[in-house]
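Enquirer: My questions will all concern the structure given below.
Residue numbers (the working numbering): 77 to 132.
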């Protein structure tokens, strides 16, 4: 799992098992992502952790 929001993150997002873009990412980043999470200002990475990585 990887999270990104900028043009420099596109390759990382495309090659990750689960590529996640922040809601406020650049449009090409959003297009390359498997999943779009909340924005940076809304704790998007924490949302990814709670959704995909947290054990019950």
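Backbone N, C-alpha and C define an ideal beta-carbon position, used for all residues, glycine too. Only a predicted model underlies this, so the values are computations on that prediction, with no experimental measurement involved.
With a CB to CB cut of under 8 Å and the five nearest residues on each side skipped, what residues in its chain are close to residue 102?
Expert: So the list reads 81, 82, 83, once near-sequence residues are dropped.
Enquirer: Within 10 Å of its beta-carbon, does residue 88 have 16 or more other beta-carbons around it, so buried, or fewer, so exposed?
Expert: Exposed.
Enquirer: Do residue 99 and residue 113 come within 9 Å of each other at the CB atom, strictly closer than that value?
Expert: Going by C-beta atoms, residue 113 is nearer than 9 Å to residue 99.
Enquirer: The beta strand (DSSP E) with residue 95 in it runs from where to where?
Expert: Segment 95-98, the beta strand (DSSP E) holding residue 95.
Enquirer: Report back the beta-carbon spacing between residue 79 and residue 105 to the nearest angstrom; my notes put them in contact at under 8 Å.
Expert: Not really, about 10 Å apart at Cβ, beyond 8 Å.
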